[in-house]
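**Student:** Going letter by letter, the sequence shown gives residues 9 to 71 in our numbering.
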Amino acid sequence: MSDPDESTRKGSPIDELIPLRRRRTVTRDRFAAMSESAPVIDPLRFRADVDKAVGQSISDRYE
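1. Would you decide whether A61 is buried or exposed? Buried here means 16 or more other CB atoms lie within 10 Å of its CB.
2. Terminal residues of the continuous alpha helix (DSSP H) containing E44?
3. Measure the alpha-carbon distance for R53 versus V34 and round it to whole angstroms.
4. Work out the CA separation of I49 and S43 for me, nearest whole Å.
5. Report yes if the C-beta distance between D13 and L25 is below 8 Å; otherwise report no.
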């Protein structure tokens, strides 16, 4: 990784340009292997947990 570059205005530093990190990618085979060991999720229980944690309504909040 290279050193950051600094911009100045009238001799005072005003910002610092820093290289972005590379994105990490996961191959399809690696994702499939990790998914095989993932726990099974009960969709009804998951939905109930989400509903309990997040207040969801279909009412118009501007009425």
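By construction, the Cβ of each residue, glycine as well, lies at the ideal position given by its N, Cα and C atoms.
**Tutor:** This is what the structure holds:
1. When all chains shown are included, A61 counts as exposed.
2. Unbroken alpha helix (DSSP H) run through E44: 36-44.
3. If you draw a straight line from the Cα of R53 to the Cα of V34, it comes to about 29 Å.
4. One C-alpha to the other measures close to 12 Å.
5. In this structure, L25 lies closer than 8 Å to D13 by Cβ.
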